[in-house]
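Undergrad: Protein chains in written order, with full-length UniProt numbering: chain A, 1 to 429; chain B, 1 to 429.
For each residue, glycine too, the CB sits at the ideal point set by N, CA and C.
Would you mind keeping the following structure in view while I ask a few things?
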């Protein structure tokens, strides 16, 4: 963990190093992934079988080995303990409500020159959702990816998930039931992404692929960008907590550790205007780490990537936050409104003392799939827009063509495109 | 050129081949581009100088060699012949009006559980626009990329363009003046894209890069996807014209050639329900090609990739159009409304007999940067959204936390993330 003081003469260069800290592994998987994609494209299911045995120890033989039926998902849902089932249902309902409101309106109007034009938004026909196996198989992540697709109107929503040694997570199956997943295939890794993009004998191809995954999955999505639509490349999680001294340091410590426990590469940053409050938070972190079940991971992340920055006044935090462009930003202050206005780059912002980031991970409603690694400078969280596309349209009558057609003719000639010019000229009186 | 009859027993497989026709070159430029990106990242301006001399024959020595000043753009604008200047201004005004209407609304509301949440849309800080050199330096393309960025509110809009042997196109400079471009650098190729993404001593980095380019530029954007935001990978242009026999075949021929003249890899497809009309259009194409200044390119495209499909009735065209998911679709029929509704996948649709596609290339208003190569299945044309990003926010009071917090605690424990659970539990009464 690093301590930075804004009054330190070296602060600017120290902070620059924090901003440029690359926590993403440059694992050299590109060539392996290229090979896997080619094999699945050429040999389909046969290649899937080979890779599933090799990487997941899972034999794809009978139909049951390939697919998890809707019945099994429903059973998993019905067998959940009621409190968990209610929690998943609450989360799903709130996520659904928030995302319904994102559906963009079509446009269709006639302008002053008599040109009718507009745009129509439509869902993609089919979407694929990658769900990691093992520890990272999170039901919340399934809800956050699947519900926006269904709200967008996607008719065919396909999940692929590795079932390591045949095992699958009942909470994930229950979430698939709640979200209305249409197909669930027991394949994982780059080979699953290839199957979704190219199609195989059993698995029909999709138009968009989203969802988290390891370095192979991420690289496969990157290589298939353009063959299908994909969500933003995701790196390790991060949180920036901006807190004044009137917070309970134990609360802030828990918030910082909630990010750190995800991954040794996760990053937790505290900005405060009070040096002794910063020290109290550090002490609380050490105490909590001592008993935390995920302490090993959280401790590694905090030691390696944790940062505590003491600034002169909290207003100075906005400029630092804009440099960091963090995935999650907590504003643990009495009046977070001015900071909300001045922080331009952030995935999601959590306002006030009783809005811990974990609320947004599960039940608030806005998506928890958010831009990481400073990508909030240009990228947004997952939304229904990732599962929709827009078709523009133009309709001219003869009068409108007489008005704006001659300008098109002039520009087409100037660009050396005479057939463009002719297609308009022929229609002018 | 291929002729297909929907009544032919082999039609399905012939049509499948048209749909799967890959017109994009798999030029093996990936490794060269990786090298260029690394050099620019490590050595900045020195690498730019070397590559500019090697690839464009342009020496980057004095300041004037590096940058085209705003004054030079203004002069180019003032020296344009008035008809062209007016045409550019008309195009710019109409593009501006259409894109202004795309700016998404922010959201901020309190829901039934007392949770305040919403989303704020903001422009990126800086955008880079690649403008090709030589023949493909189109002023219309500059307007179509630059105006949405400026309408979105981007404060710093940077153009890079190769000035082969030092030459630049006065129409492009005039368009840059109209669009309000802030910086214009005389570098091109993959090295220009690298400079925009990583920054060099002279060129500050940007957040989003858009604009057309050759295979090296496209590959550089693909490799830098995630370091910056980019627009969709673009391939050769295509048009699908759906026309009944009541059209003037000469008009339809010009429309098909307006796409073919772009590039030998462009594709023009006619679907009609009248065999003799199809033959008339083919004859008109041959006649027009004989005198067309771009005849060599247009002829190569039409011979290699042109397709004429005769269907039983025009209603059948919608299903074919959805398979093709073409960049441009013309509906040259008396009542295009039903086809507009049933065509789900298209970049842009041009309705009626007097709306040639070229109107959309220049002056209509909707963007002419559109998804190619069947990507309209999942991608949209360029818009202000490509230059903006969304930050979600959540604000809970104590009552709201009591309502939805326990569900978050239950899910966090179930996912094996105790610090997540604790950050909420500590705040519950």
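Are residue 111/A and residue 120/A touching if we call contact CB-CB under 7 angstroms?
TA: To locate residue 111/A, count along the first chain from 1; it is residue 111. To locate residue 120/A, count along the first chain from 1; it is residue 120. Cβ distance not < 7 angstroms, so residue 111/A and residue 120/A don't count as in contact.
Undergrad: Where DSSP assigns a beta bridge to residue 383/B, which residues make up the other side?
TA: Start at 1 with the first residue of the second chain, and residue 383/B comes out as number 383. Per DSSP, none; premise fails for residue 383/B.
Undergrad: DSSP three-state call for residue 144/A: helix, strand or coil?
TA: The residue labelled residue 144/A in the question sits at position 144 within the first chain. In this structure, residue 144/A counts as helix in the three-state DSSP scheme.
Undergrad: May I ask you to list the residues that DSSP assigns as paired with residue 392/B?
TA: Taking the first residue of the second chain as position 1, residue 392/B is located at position 392. 348/A and 119/B.
Undergrad: Say whether chain A places a C-beta atom closer than 7 angstroms to the C-beta of residue 22/B.
TA: Within the second chain, the letter at position 22 stands for residue 22/B. Chain A, which has no Cβ nearer than 7 angstroms to the Cβ of residue 22/B, makes this no.
Undergrad: Is residue 31/A helix, strand or coil by DSSP?
TA: Numbered from its first residue, the first chain carries residue 31/A at position 31. Residue 31/A: helix per DSSP, three-state reduction.
Undergrad: I'd like to know whether the C-beta atoms of residue 461/A and residue 311/A end up nearer to each other than 7 angstroms.
TA: There is no way to answer for residue 461/A, as the model of chain A reaches only from 1 to 429.
Undergrad: Does the Cβ-Cβ distance between residue 194/A and residue 203/A come in under 7 angstroms?
TA: Position 194 of the first chain, counting from 1, holds the residue named residue 194/A. Position 203 of the first chain, counting from 1, holds the residue named residue 203/A. Going by C-beta atoms, residue 194/A is not nearer than 7 angstroms to residue 203/A.
Undergrad: Excluding the five sequence neighbours on either side, which residues of its own chain have a C-beta within less than 6 angstroms of the C-beta of residue 424/B, listed in chain order?
TA: Position 424 of the second chain, counted from the first residue, corresponds to residue 424/B. If we look at residue 424/B and ignore the five residues flanking it on each side, its Cβ neighbours are 405, 408 and 409.
Undergrad: To which residues of the same chain is residue 391/B closer than 6 angstroms at the C-beta, ignoring the five residues directly before and after it?
TA: Position 391 of the second chain, counting from 1, holds the residue named residue 391/B. Same-chain partners within the cutoff: 120.
Undergrad: So, does the CB of residue 184/B fall closer than 7 angstroms to a CB anywhere in chain A?
TA: Locating residue 184/B in the second chain gives position 184, counting from the first residue. Answer no: the Cβ-Cβ gap between residue 184/B and chain A never drops below 7 angstroms.
Undergrad: Closer than 7 angstroms between beta carbons: that is the criterion. Which residues of the segment 295-326 of chain B meet it against chain A?
TA: Those would be 298, in chain order.
Undergrad: Output yes if chain B places a C-beta closer than 7 angstroms to the C-beta of residue 156/A; else output no.
TA: Taking the first chain and counting its residues from 1, one reaches residue 156/A at position 156. Not an interface residue.
Undergrad: Does the beta-carbon distance from residue 419/B to residue 292/A come in below 7 angstroms?
TA: As a first step, residue 419/B is located in the second chain; it is residue number 419 there, counting from the start. As a first step, residue 292/A is located in the first chain; it is residue number 292 there, counting from the start. Cβ atoms of residue 419/B and residue 292/A: closer than 7 angstroms.
Undergrad: Hey, could you find the ends of the beta strand (DSSP E) residue 238/B is sitting in?
TA: As a first step, residue 238/B must be located in the second chain, where it is residue number 238. Here the beta strand (DSSP E) through residue 238/B covers 238-243.
Undergrad: Rounded to whole angstroms, what's the CA-CA distance from residue 61/A to residue 227/B? Just pull it up for me.
TA: As a working mapping, residue 61/A is identified with position 61 in the first chain. As a working mapping, residue 227/B is identified with position 227 in the second chain. Cα to Cα, the separation comes out at about 41 angstroms.
Undergrad: Count the other C-beta atoms from every protein chain shown that fall within 10 angstroms of the C-beta of residue 247/A, then say buried if there are 16 or more, exposed otherwise.
TA: Numbered from its first residue, the first chain carries residue 247/A at position 247. Classification of residue 247/A: buried, given that the 10 Å Cβ count is 16 or more.
Undergrad: Can you tell me whether residue 221/A is buried or exposed? The criterion is at least 16 other CB atoms within 10 Å of its CB, across all chains shown.
TA: For the purposes of this step, residue 221/A is taken as residue 221 along the first chain, with counting starting at 1. With 16 or more other Cβ atoms within 10 Å, it is buried.
Undergrad: Along the alpha helix (DSSP H) that carries residue 222/B, what are the first and last residues, could you check?
TA: If you number the second chain from 1, residue 222/B lands on position 222. First-last of the alpha helix (DSSP H) with residue 222/B: 215-224.
Undergrad: Using a Cβ-Cβ distance under 7 angstroms, would residue 358/A count as near chain B?
TA: Along the first chain, read from residue 1 onward, the residue named residue 358/A stands at position 358. True, the Cβ-Cβ gap to chain B drops below 7 angstroms.
Undergrad: For chain B, find out if any of its Cβ atoms is closer than 7 angstroms to the Cβ of residue 368/A; answer yes or no.
TA: One-based indexing of the first chain puts residue 368/A at position 368. Not one chain B Cβ lies under 7 angstroms of residue 368/A.
Undergrad: Comparing the C-beta of residue 344/B with each C-beta of chain A, is any distance below 7 angstroms?
TA: In the second chain, counting from the first residue as 1, residue 344/B sits at position 344. So yes, residue 344/B belongs to the interface.
Undergrad: If you draw a straight line from the C-alpha of residue 230/A to the C-alpha of residue 122/A, how long is it?
TA: To locate residue 230/A, count along the first chain from 1; it is residue 230. To locate residue 122/A, count along the first chain from 1; it is residue 122. Distance between the alpha carbons of residue 230/A and residue 122/A is about 17 angstroms.
Undergrad: Which residues bound the beta strand (DSSP E) around residue 52/A?
TA: Sequence index remark: in the first chain, residue 52/A carries index 52 (1-based). Unbroken run through residue 52/A: none, as it is neither H nor E.
Undergrad: Short of 6 angstroms in beta carbon distance, which residues of its chain neighbour residue 29/B, apart from the five on each side in sequence? Order them along the chain.
TA: Residue numbering aside, residue 29/B sits at position 29 when the second chain is read from its first letter. 215, 216 and 219.
Undergrad: Measuring CB to CB, does residue 298/B end up less than 7 angstroms from residue 261/B?
TA: Locating residue 298/B in the second chain gives position 298, counting from the first residue. Locating residue 261/B in the second chain gives position 261, counting from the first residue. Contact: yes.
Undergrad: Based on Cα-Cα distance, which residue from 46/B, 380/B, 84/B and 335/B lies nearest to residue 363/B?
TA: In the second chain, counting from the first residue as 1, residue 363/B sits at position 363. Residue 363/B has its Cα closest to that of 84/B, out of 46/B, 380/B, 84/B and 335/B.
Undergrad: On a Cα-Cα basis, can you pick out the residue from 75/B, 321/B, 232/B and 108/B that is closest to residue 372/B?
TA: Along the second chain, read from residue 1 onward, the residue named residue 372/B stands at position 372. Closest option to residue 372/B, Cα to Cα, is 232/B.
Undergrad: For residue 166/B, count neighbouring Cβ atoms within 10 angstroms of its own Cβ and tell me buried if that reaches 16, exposed if not.
TA: Reading the second chain from its first residue, position 166 is the one you call residue 166/B. That one is exposed.
Undergrad: Cutting at 7 angstroms between CB atoms, please list the residues of its own chain near residue 264/B, excluding the five before and the five after it.
TA: Walking along the second chain from the start, residue 264/B turns up at place 264. So the qualifying residues of the chain are 297, 300, 301 and 304.
Undergrad: Since residue 393/B and residue 118/B should fall inside the 8 angstroms C-beta cutoff, what is the C-beta to C-beta distance between them, to a whole number of angstroms?
TA: The sequence position of residue 393/B within the second chain is 393, counting from 1. The sequence position of residue 118/B within the second chain is 118, counting from 1. Going by Cβ atoms, the distance from residue 393/B to residue 118/B rounds to 6 angstroms, so yes, they are a contact pair.
Undergrad: In chain order, what residues of the same chain have a beta carbon less than 6 angstroms from the beta carbon of residue 403/A, not counting five sequence neighbours either side?
TA: The residue you call residue 403/A lines up with position 403 of the first chain. Closer than 6 angstroms at the Cβ level, and outside the excluded window around residue 403/A, lie 113.
Undergrad: On the DSSP letters alone, give me the boundaries of the beta strand (DSSP E) that residue 129/B sits inside.
TA: Taking the second chain and counting its residues from 1, the one referred to as residue 129/B is at position 129. Per DSSP, residue 129/B belongs to the beta strand (DSSP E) from 126-130.
Undergrad: Could you pull out every residue in the same chain whose Cβ sits closer than 6 angstroms to the Cβ of residue 331/A, ignoring the five residues on either side in sequence?
TA: Start at 1 with the first residue of the first chain, and residue 331/A comes out as number 331. Closer than 6 angstroms at the Cβ level, and outside the excluded window around residue 331/A, lie 242, 339 and 351.
Undergrad: Can you find a CB in chain A that lies within less than 7 angstroms of the CB of residue 1/B?
TA: Here residue 1/B refers to the residue found at position 1 of the second chain. Not one chain A Cβ lies under 7 angstroms of residue 1/B.
Undergrad: Using three-state DSSP, classify residue 330/A as helix, strand or coil.
TA: Counting from 1 along the first chain, the entry for residue 330/A is found at position 330. Residue 330/A falls in the strand class under three-state DSSP.
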